[in-house]
Amino acid sequence: MNTDRPDPTGSSWGTLLRMARPRATRANAFAALLAIVLGFAIATQVQQTNQSGLEQLREDELVRILDDVSQEQDRLASDTRELETSRDKLISGVDSSSEALKSAQERLDTLGILTGTSPATGPGIVITINDRDHKITAARLLDALQELRDAGAEAVQIGDVRVVADTWFADVDGAIQIGGERVSEPYVIKAIGDSATMASAMEIPGGVSETVRGDGAQASVRQTNEVAITALHSLSEPRYARPVPAPSP
Numbered sequence: 020m021n022t023d024r025p026d027p028t029g030s031s032w033g034t035l036l037r038m039a040r041p042r043a044t045r046a047n048a049f050a051a052l053l054a055i056v057l058g059f060a061i062a063t064q065v066q067q068t069n070q071s072g073l074e075q076l077r078e079d080e081l082v083r084i085l086d087d088v089s090q091e092q093d094r095l096a097s098d099t100r101e102l103e104t105s106r107d108k109l110i111s112g113v114d115s116s117s118e119a120l121k122s123a124q125e126r127l128d129t130l131g132i133l134t135g136t137s138p139a140t141g142p143g144i145v146i147t148i149n150d151r152d153h154k155i156t157a158a159r160l161l162d163a164l165q166e167l168r169d170a171g172a173e174a175v176q177i178g179d180v181r182v183v184a185d186t187w188f189a190d191v192d193g194a195i196q197i198g199g200e201r202v203s204e205p206y207v208i209k210a211i212g213d214s215a216t217m218a219s220a221m222e223i224p225g226g227v228s229e230t231v232r233g234d235g236a237q238a239s240v241r242q243t244n245e246v247a248i249t250a251l252h253s254l255s256e257p258r259y260a261r262p263v264p265a266p267s268p
């Protein structure tokens, strides 16, 4: 029995081996690639991943998406900076306008009190002069006003008359007129300011209280934390004076 193996280099066996051996052709390569792709697709479907799908994009597509995201981020950053700048300008403008309005309102309130065109309230004193014998003259009430102003009174009302810088006092037909309005006793003087200072000014020796008592009338001074001055003064249009125009910038 012949135990020798056939020579693969022989013509018959060599031909068979060459036919059984796979050939590295384009068809074989495509078939292998298709098998790999199908296998990958099947494996992906079996796994059922919940990924966003970016893995399925090509490299150039991923690069384009990254560029788009970067551009969008830059645009949003620019918009954010513009909005922040607008916000800062708006806040600054609102604050400036608010402060200017607040300052203007404070000046207006002060002028209203000084000119008597606005009511006023605050700490102060109330002076009551009882003069049943009609001994008190307009000059005596004017003295009281001057003493109050010297003591720092910021607003004064006598009876129903708001007393301001141009208010005049006069004795007319046996009665006292203040700013053209007749006042009658008891004369009630309200003054807003430092109550202790004004009260001391009224009670000093030779002051208003002592002088009033010397005239035969009675005077009382009461300090209070809140004096309400409600009488208003009507401003008249100046006949000659005009405001100076603001200089040009």
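Residues in the sequence shown are numbered consecutively from 20, following the working numbering. C-beta: ideal position from N, C-alpha, C; glycine also.
Just the C-alpha distance for residue i and residue j, rounded to the nearest angstrom, thanks.
i	j	result
serine 253	isoleucine 208	19 Å
leucine 127	alanine 260	20 Å
proline 262	glutamate 256	12 Å
alanine 123	proline 266	20 Å
glutamate 229	proline 205	17 Å
arginine 181	valine 246	14 Å
alanine 172	aspartate 179	17 Å
serine 97	threonine 104	11 Å
valine 175	valine 183	8 Å
threonine 136	glycine 193	29 Å
isoleucine 211	alanine 218	11 Å
aspartate 234	lysine 154	6 Å
aspartate 107	serine 117	15 Å
glutamate 200	aspartate 185	14 Å
leucine 17	serine 89	In the structure displayed, the chain extends from 20 to 268; residue 17 sits before or after that span and is not available.
alanine 170	isoleucine 197	21 Å
proline 264	glutamate 125	23 Å
valine 227	isoleucine 195	17 Å
threonine 18	leucine 164	Here the chain has residues from 20 to 268 only, and residue 18 is not among them.
aspartate 93	arginine 100	11 Å
alanine 250	glycine 141	15 Å
proline 224	glycine 131	34 Å
Would you mind giving the Cβ-Cβ distance between residue i and residue j, rounded to the nearest angstrom? I have them listed as a contact below 8 Å.
i	j	result
isoleucine 144	valine 231	Going by Cβ atoms, the distance from isoleucine 144 to valine 231 rounds to 14 Å, so no, they are not a contact pair.
threonine 243	serine 214	7 Å
isoleucine 248	alanine 139	5 Å
leucine 167	phenylalanine 188	Going by Cβ atoms, the distance from leucine 167 to phenylalanine 188 rounds to 13 Å, so no, they are not a contact pair.
methionine 221	valine 240	5 Å
alanine 238	isoleucine 146	6 Å
Under a three-way DSSP split, which group does residue i fall into?
i	result
arginine 201	strand
alanine 215	helix
aspartate 93	helix
arginine 232	helix
valine 227	helix
glutamate 256	coil
arginine 3	Look at the range of the chain in this structure, 20 to 268, and you will see that residue 3 is not part of it.
alanine 184	coil
Any heavy atom of the ligand FAD closer than 6 Å to the Cβ of residue i?
i	result
valine 191	This structure simply doesn't include the ligand FAD, nor any ligand for that matter.
DSSP has residue i in a bridge; who is on the other side?
i	result
aspartate 190	Ile195
alanine 174	Ile211
valine 246	Gly141
valine 274	The shown model of the chain, from 20 to 268, leaves out residue 274, and the question about it has no answer.
alanine 220	None, per the DSSP bridge assignment.
Give, in chain order, every unbroken run of the alpha helix (DSSP H) that is at least 4 residues long and sits entirely within the segment 105-169. 157-169
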